[in-house]
Amino acid sequence: MKLTVCLVAYGKEFTQTESFKRLDNLSSSIKRSLNLIVFDNGRREVTEYKIPEGFSSVSYYFNNEMIERGTRIAYQYAFDNMTDSWLMLLDDDTAITDNYILKVLKEISNTQVDALCPLIFDGQVQLSPTDSDTVKSLNFPKESGIYSKNITGISSGLVLSKQFMLEIGGFTREFPLDYLDHWVFWQLRDRKKKIKVIDEIVQHQLSVQRLTELSENRFYSIFSSEYLFYKKYVPEALYQIRKKYVKMIIVGFLKKNQGIRWRVLLKIIFNRQ
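Each number in my numbering comes from the position in the sequence shown (counting from 1) with 1413 added on.
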């Protein structure tokens, strides 16, 4: 059985991204089992490169859509064009490993689950998967195993069955970039689908871990999406989100923390654009 991989590229040319380099260095036997879709959200179309060799197939799509340039449109494109039964979502800064893909290929050949994911780390911190029953999710990382509740995570490295994606009607336009991953995990939990966490560590850089490096627009995108997600899908935790934002506002204002755009958080809380 083969696996479709959707690689979403942004600022860098896709051949220079960490994720593509990892994919391109996979063993030939693994590459022959992968149908690679590169969805390029970059500034210019990359046409001068020879199509990478060794994969079962490679397709390249340059997104010239100015309105939406994120993960949702990429995942939806891959879902609409895939011919396999399983799709791996992959950001461009994920150090995907041979072992993880080998384990995924073995699992999808004979499995009763609807999703697979690795243990995602940023350095020594486990980012995903984590508990979903708390807004302080990083304090409660999940171990390898099979789950159907109290689990969330990031999308990079996540593998979804086509059947599940058909059930949810593809990827919602509510979250064009940030918190789409949490929406996907919410859909899995809501439908009581089984998620297998594979015992394999994969390194990934998550921008929300480095607030000082974020532009104001990026900061707004992350936290407005978080607020919308909890308001609509987990309203019982919205008070905790507001409480968290108030604490961040106080820290940002009093300590002049350059990473916290406290005025942006105020706009989000009071729903002012």
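No residue lacks a Cβ here, since even glycine has one placed at the ideal position from N, Cα and C.
Am I right that Asn1438 and Lys1415 are in contact with their C-beta atoms under 8 Å? What's the rounded C-beta distance? Taking the first residue of the sequence shown as position 1, residue 1438 is located at position 25. Taking the first residue of the sequence shown as position 1, residue 1415 is located at position 2. Incorrect: roughly 19 Å between the Cβ atoms, too far for contact.
Measure from the alpha carbon of Met1479 to the alpha carbon of each residue in Leu1679, Gln1618, Pro1589, Leu1518, then state which is nearest. Reading the sequence shown from its first residue, position 66 is the one you call residue 1479. Comparing Cα positions, the closest option is Pro1589.
Output the boundary residues of the alpha helix (DSSP H) element that contains Val1517. The residue given as residue 1517 occupies position 104 in the sequence shown. Looking at the DSSP string, the run of the alpha helix (DSSP H) that includes Val1517 is 1511-1522.
Could you tell me which residues DSSP puts in a beta bridge with Ser1472? In the sequence shown, counting from the first residue as 1, residue 1472 sits at position 59. Ser1472 pairs with Ile1450.
Which same chain residues, not among the five before or five after Tyr1560, have their C-beta less than 6 Å away from its C-beta? Taking the first residue of the sequence shown as position 1, residue 1560 is located at position 147. So the qualifying residues of the chain are Ile1608.
Quick one, are the C-beta atoms of Gly1410 and Ile1533 less than 8 Å apart? Residue 1410 lies beyond the residue range present for the chain, which begins at 1414 and ends at 1686; the question has no answer from this structure.
For Ile1608, which three-state DSSP category applies? By one-based count along the sequence shown, residue 1608 stands at place 195. Note: Ile1608 maps to strand in three-state DSSP.
At a cut of 8 Å, does the segment 1575-1585 reach the segment 1491-1500 through at least three beta carbon pairs? yes
To the nearest angstrom, how far is it from the Cα of Gln1686 to the Cα of Val1421? Translated into the one-based positions of the sequence shown, residue 1686 becomes position 273. Translated into the one-based positions of the sequence shown, residue 1421 becomes position 8. In this predicted model, Gln1686 has a pLDDT of only 44, less than 50, meaning its place in the structure is not dependable; the value taken from the coordinates is given anyway. Each residue's alpha carbon lies about 28 Å from the other.
Under a Cβ-count criterion, where at least 16 other Cβ atoms within 10 Å of its own Cβ denotes burial, should Ser1442 be classed as buried or exposed? Numbered from its first residue, the sequence shown carries residue 1442 at position 29. Result: exposed.
Return helix, strand or coil for Asp1527, following the three-state DSSP convention. By 1-based counting over the sequence shown, the position of residue 1527 is 114. Here Asp1527 sits in coil by DSSP.
With Thr1484 as the anchor, note down where its beta strand (DSSP E) starts and where it stops. Mapped onto the sequence shown, residue 1484 falls at position 71. That residue, Thr1484, is in no beta strand (DSSP E); its alpha helix (DSSP H) goes 1484-1494.
State buried or exposed for Val1538, treating a residue as buried only when at least 16 other CB atoms are found within 10 Å of its CB. Reading the sequence shown from its first residue, position 125 is the one you call residue 1538. So Val1538 ends up on the exposed side.
Mind checking whether Ile1614 and Val1548 have CB atoms under 8 Å apart? Taking the sequence shown and counting its residues from 1, one reaches residue 1614 at position 201. Taking the sequence shown and counting its residues from 1, one reaches residue 1548 at position 135. Contact: no.
Out of Ser1472, Lys1434, Asn1523, point me to the one whose CA is closest to Cys1419's CA. Indexing the sequence shown from 1 puts residue 1419 at position 6. Of the listed residues, the one whose Cα sits closest to Cys1419 is Ser1472.
Rounded separation between Ser1628 and Leu1679 - CA only: Start at 1 with the first residue of the sequence shown, and residue 1628 comes out as number 215. Start at 1 with the first residue of the sequence shown, and residue 1679 comes out as number 266. Cα-Cα distance, rounded: 17 Å.
Give me the residue from Asn1684, Leu1651, Leu1571, Leu1619 with the minimum Cα distance to Leu1503. As a working note, residue 1503 is residue 90 in the sequence shown. Measuring from the Cα of Leu1503, the nearest candidate turns out to be Leu1571.
If distances are taken between C-alpha atoms only, which option among Ser1545, Ser1637, Glu1426 comes closest to Arg1456? Here residue 1456 corresponds to residue number 43 of the sequence shown, with the count starting at 1. Per the Cα distances, Glu1426.
Between Ser1568 and Val1621, what straight-line distance do the alpha-carbon atoms span, to the nearest angstrom? Stepping through the sequence shown from its first residue, residue 1568 is reached at position 155. Stepping through the sequence shown from its first residue, residue 1621 is reached at position 208. The straight-line gap from Cα to Cα measures roughly 14 Å.
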